[in-house]
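Residue numbers (my numbering): 9 to 470.
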RNA sequence: UCCUCCUUAGCUCAGCAGGUAGAGCAUGCGGCUGUUAACCGCAGGGUCGUCCGUUCGAGCCGGACAGGGGGAGCCA
């Protein structure tokens, strides 16, 4: 009977003394003259299973004993419960079929590797404990987000990856073209985009928000969850050129509804992953970020705090802390300021709201003071900003005025403005960086280590 | 893009007052009746990131470039 290792760990007693077959990859072999041990991972489970093989039992002992790490095998044998050993059970092999003998220059040792080195073998690193756990959590976290929103009646919208709006206002964009760049480079003429594939200049999306707002006006509660591209030359452990983003949008909702939803979502997805990835999370708590569980518990168990930008500035000024960047009303909060607020002052997640309109996007709702907008950032200890959102400006005339104020051409956004023309309604939404959430959940400190094949400036290997 | 640190065997690292290299792991061979980062023995493996300079002599000093880490800005 073929069985997964996960299944065996779920209920070892059900398989006591039964003959089963497991298939997997050798993580390590220890052998002596007439018997040996194999640690096998079959991919279904973070934990390995120990295979015991003996010279007078399996007919290919010498071959098995010499198998290099990473070789693939199929093992048939009896499940033996071993309550006194380090592992709860093992398989006493009766037959070991060798599927693929690995080459002896396999780049992964049993020993610890640096993450920098493992990035150079990104195609092999999911076979290590750390990356196996990271990418399992990534998968489960994605499902957690879908489940959270679907259970609440949100509709999942696939907004376009290729977009023609060239100024969504969120940074440098990657251009998409089928024009012959080699030829264009040599000519002095201006590029004629009417000859390009779409008949106009197009780019990869930097945000699905404007598109999803139109679906919000049909389905009421919607969300996007997809890849996003930024051509910024920013080289940090928290930025990638290609990353995933979650953007919910709710009609008939104000900023308070928005923050409430964000808080519920964060708590829900943390609990969801904790429940479904206990081994992986245990591993992170032990080896990657000691204290991880305490950190997450503060988030799931506390009521998030709220403070306005104006009050936050006051708090920072009164703190008497000598910041590298002095605080003044009107300036954007720097990382050091955000971390002071959430780590030292509030000591838990905190929403900062009502930022000066000059430092925020055009689509955010202008407050009655005409100086601030209904924006919110969720700050969490150790990371700083993890969510950014706002109530949207639903008044057509105010929105148009804001666009002009910020140097945008309203006619380029005619379809977006139509949402304010045909049955406009107050609405709000936010954006969550998927990878940043994974980093927060796992304690991994570099975004390149939570994306299977990360893309950052000067790197598109694999 | 700016600041700062790093670059020695496949991997992780050591090296000294400037005198032409070492360990562990990995690999190969051998040994071992319960291991679990197994252990013991033997062996192979390096133009010390690249180029230029100082010096009788440079892995070690100086410069440039490349690659990487961390911090900052931008943001998710």
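Glycine is no exception: its CB is placed at the ideal position from the N, C-alpha and C atoms. The model shown is predicted, which means the values in this text are computed figures rather than measured ones.
Residue i versus residue j - alpha carbon distance
{"i": "residue 94", "j": "residue 155", "result": "36 angstroms"}
{"i": "residue 133", "j": "residue 126", "result": "6 angstroms"}
{"i": "residue 212", "j": "residue 347", "result": "32 angstroms"}
{"i": "residue 197", "j": "residue 239", "result": "25 angstroms"}
{"i": "residue 17", "j": "residue 462", "result": "33 angstroms"}
{"i": "residue 136", "j": "residue 50", "result": "13 angstroms"}
{"i": "residue 223", "j": "residue 425", "result": "13 angstroms"}
{"i": "residue 352", "j": "residue 329", "result": "11 angstroms"}
{"i": "residue 332", "j": "residue 419", "result": "42 angstroms"}
{"i": "residue 381", "j": "residue 362", "result": "5 angstroms"}
{"i": "residue 391", "j": "residue 138", "result": "21 angstroms"}
{"i": "residue 169", "j": "residue 417", "result": "22 angstroms"}
{"i": "residue 388", "j": "residue 400", "result": "24 angstroms"}
{"i": "residue 451", "j": "residue 296", "result": "6 angstroms"}
{"i": "residue 160", "j": "residue 228", "result": "12 angstroms"}
{"i": "residue 35", "j": "residue 309", "result": "38 angstroms"}
{"i": "residue 97", "j": "residue 464", "result": "44 angstroms"}
{"i": "residue 349", "j": "residue 386", "result": "11 angstroms"}
{"i": "residue 408", "j": "residue 315", "result": "29 angstroms"}
{"i": "residue 65", "j": "residue 20", "result": "23 angstroms"}
{"i": "residue 292", "j": "residue 376", "result": "47 angstroms"}
{"i": "residue 335", "j": "residue 360", "result": "15 angstroms"}
Bridge partners - residue i, DSSP secondary structure assignment
{"i": "residue 84", "result": "29, 103"}
{"i": "residue 383", "result": "398"}
{"i": "residue 98", "result": "58, 88"}
{"i": "residue 39", "result": "44"}
{"i": "residue 440", "result": "254, 395"}
{"i": "residue 212", "result": "170"}
{"i": "residue 467", "result": "464"}
{"i": "residue 435", "result": "259"}
{"i": "residue 364", "result": "380"}
{"i": "residue 235", "result": "252"}
{"i": "residue 359", "result": "314, 386"}
Residue i, buried or exposed, once every other Cβ within 10 Å from all chains shown has been counted against 16
{"i": "residue 236", "result": "buried"}
{"i": "residue 369", "result": "buried"}
{"i": "residue 249", "result": "buried"}
{"i": "residue 33", "result": "buried"}
{"i": "residue 214", "result": "buried"}
{"i": "residue 398", "result": "buried"}
{"i": "residue 272", "result": "exposed"}
{"i": "residue 53", "result": "buried"}
{"i": "residue 217", "result": "buried"}
{"i": "residue 430", "result": "exposed"}
{"i": "residue 384", "result": "buried"}
{"i": "residue 221", "result": "buried"}
{"i": "residue 131", "result": "exposed"}
{"i": "residue 443", "result": "buried"}
{"i": "residue 191", "result": "exposed"}
{"i": "residue 373", "result": "buried"}
Under 8 angstroms between C-beta atoms of residue i and residue j
{"i": "residue 101", "j": "residue 83", "result": "yes"}
{"i": "residue 210", "j": "residue 167", "result": "no"}
{"i": "residue 472", "j": "residue 428", "result": "There is no way to answer for residue 472, as the model of the chain reaches only from 9 to 470."}
{"i": "residue 356", "j": "residue 301", "result": "no"}
{"i": "residue 46", "j": "residue 37", "result": "yes"}
{"i": "residue 270", "j": "residue 435", "result": "no"}
{"i": "residue 87", "j": "residue 23", "result": "yes"}
{"i": "residue 274", "j": "residue 304", "result": "no"}
{"i": "residue 438", "j": "residue 266", "result": "yes"}
{"i": "residue 189", "j": "residue 203", "result": "no"}
{"i": "residue 9", "j": "residue 281", "result": "no"}
{"i": "residue 5", "j": "residue 30", "result": "In the structure displayed, the chain extends from 9 to 470; residue 5 sits before or after that span and is not available."}
{"i": "residue 57", "j": "residue 13", "result": "yes"}
{"i": "residue 458", "j": "residue 447", "result": "yes"}
{"i": "residue 106", "j": "residue 245", "result": "no"}
{"i": "residue 253", "j": "residue 441", "result": "yes"}
{"i": "residue 414", "j": "residue 421", "result": "no"}
{"i": "residue 284", "j": "residue 148", "result": "yes"}
{"i": "residue 42", "j": "residue 63", "result": "yes"}
{"i": "residue 99", "j": "residue 72", "result": "no"}
message: Taking 8 angstroms as the cut-off, does the segment 246-261 touch the segment 220-236 (at least 3 CB pairs, one atom from each stretch)?
response: yes
query: Touching or not, the segment 288-297 and the segment 323-341, by the rule of three or more beta carbon pairs under 8 angstroms?
result: Fewer than three pairs of CB atoms, one per stretch, sit closer than 8 angstroms, so the segment 288-297 makes no contact with the segment 323-341.
field: Cβ pair count under 8 angstroms reaching 3, the segment 312-321 against the segment 180-190
entry: no
- request: Could you say if the segment 65-77 and the segment 112-131 meet the contact criterion of at least three C-beta pairs nearer than 8 angstroms?
  value: Short answer: they touch.
At least 3 beta-carbon pairs within less than 8 angstroms: the segment 321-332 vs the segment 363-383: no
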